[in-house]
Amino acid sequence: MNQRDVMKALTTIIVLLFAGMATAQIKFSDQTFDNGMKYPVAHFSKDQTIADSMNAIIKRNLVDAEVSDFCIGDYGYFQKGNHIELHMICNCIDFAETDHRYLFFSLETGVLVPYTDLFDSKERDKALKKINELISSASDETCKAELTSNGTLDWSQMTYRLYKDGIEIHPQAGTCDNPVQIPWTEISTYLKYNFL
Numbered sequence: 001m002n003q004r005d006v007m008k009a010l011t012t013i014i015v016l017l018f019a020g021m022a023t024a025q026i027k028f029s030d031q032t033f034d035n036g037m038k039y040p041v042a043h044f045s046k047d048q049t050i051a052d053s054m055n056a057i058i059k060r061n062l063v064d065a066e067v068s069d070f071c072i073g074d075y076g077y078f079q080k081g082n083h084i085e086l087h088m089i090c091n092c093i094d095f096a097e098t099d100h101r102y103l104f105f106s107l108e109t110g111v112l113v114p115y116t117d118l119f120d121s122k123e124r125d126k127a128l129k130k131i132n133e134l135i136s137s138a139s140d141e142t143c144k145a146e147l148t149s150n151g152t153l154d155w156s157q158m159t160y161r162l163y164k165d166g167i168e169i170h171p172q173a174g175t176c177d178n179p180v181q182i183p184w185t186e187i188s189t190y191l192k193y194n195f196l
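Take the sequence shown: its letter number 34 is residue 34 in my numbering, and every next letter is one higher.
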């Protein structure tokens, strides 16, 4: 290995180390209420107060499930940069139907934030314009008709969900079977940070 190859390897290692430190990693463990409902408990080695804040919010969000006679629950999460979307599924005997609950946290503060927090505050208007354009040009097979878009939707008229390659846009009233998918590559210039 010559000196040039060594320098390239060192540069790559340094970039990967800084990228790993810049994006906070959080882990969850399973906890169970007395009624059988499984729910997540956050563990964050970077700052335990952030995990404590998240855990308090999670517990407050599940009070009705905790007091139900019998529940089956599960959860999943999706992290992008310093944000995490937690999806909790509550199937309780006292509920009319299975309940899907989404919580979107900032890992910098440990509190719930709107999905617009993904975007640079100076770029949000441009991001919204781009999202409206992408909704208008989306396939008719998506639920874009339910979004009542003439290119003038505002942030409050949509429901967001993260997926591997971007953001899913659903009608404000809930979810649809075939949401409009906005790839990260289409909106990357408006985000607070780039994802690896």
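In this text, a Cβ means the ideal position worked out from N, Cα and C, and glycines have one as well.
Where residue i sits in the DSSP three-state scheme
{"i": "Q48", "result": "helix"}
{"i": "I169", "result": "strand"}
{"i": "S139", "result": "coil"}
{"i": "D117", "result": "helix"}
{"i": "I72", "result": "strand"}
{"i": "K192", "result": "coil"}
{"i": "I89", "result": "strand"}
{"i": "D64", "result": "helix"}
{"i": "L107", "result": "coil"}
{"i": "T98", "result": "coil"}
{"i": "M21", "result": "Because the pLDDT of M21 is 46, which lies under 50, any placement of that residue in the model is unreliable, and the question is left without a value."}
{"i": "T185", "result": "helix"}
{"i": "K80", "result": "strand"}
Strand pairing of residue i, partner residues [DSSP]
{"i": "V41", "result": "S29"}
{"i": "I58", "result": "Answer is none; I58 lacks a bridge partner."}
Inter-residue CB distance, residue i and residue j (contact presumed, cutoff 8 Å)
{"i": "P179", "j": "E186", "result": "So it is not a contact: roughly 15 Å between Cβ atoms."}
{"i": "L86", "j": "L103", "result": "4 Å"}
{"i": "Q181", "j": "Q157", "result": "Incorrect: roughly 18 Å between the Cβ atoms, too far for contact."}
{"i": "M88", "j": "G73", "result": "7 Å"}
{"i": "N132", "j": "T159", "result": "At roughly 15 Å, the Cβ-Cβ gap does not stay under 8 Å, so N132 and T159 are not in contact."}
{"i": "H43", "j": "S29", "result": "6 Å"}
Residue burial classification, residue i (beta-carbon count within 10 angstroms, cutoff 16)
{"i": "A200", "result": "Residue 200 is absent from the structure shown; the chain starts at 1 and stops at 196."}
{"i": "P114", "result": "exposed"}
{"i": "K144", "result": "buried"}
{"i": "H83", "result": "buried"}
{"i": "H100", "result": "exposed"}
{"i": "G174", "result": "exposed"}
{"i": "G76", "result": "exposed"}
{"i": "A96", "result": "exposed"}
{"i": "S188", "result": "exposed"}
{"i": "M21", "result": "Note that M21 scores a pLDDT of 46, beneath 50, so its modelled location is shaky; the value from the coordinates is reported in the next line. M21 should be labelled exposed."}
{"i": "D177", "result": "exposed"}
Option in the options with minimal Cα separation from residue i
{"i": "C92", "options": "V111, S29 and D69", "result": "D69"}
{"i": "Y183", "options": "D177, L153, A138 and T152", "result": "One detail in the question is off: residue 183 reads as Pro in this sequence, not Tyr. Among D177, L153, A138 and T152, the Cα nearest to that of P183 belongs to A138."}
{"i": "D120", "options": "L191, Q25 and M54", "result": "L191"}
{"i": "C71", "options": "F33, M158, L107 and H170", "result": "F33"}
{"i": "S45", "options": "M37, M54, I26 and Y39", "result": "I26"}
{"i": "D64", "options": "G81, Q79, Q48 and N35", "result": "N35"}
{"i": "Y39", "options": "D47, R60, T116 and I50", "result": "R60"}
{"i": "Y163", "options": "K130, D140, K80 and S136", "result": "K80"}
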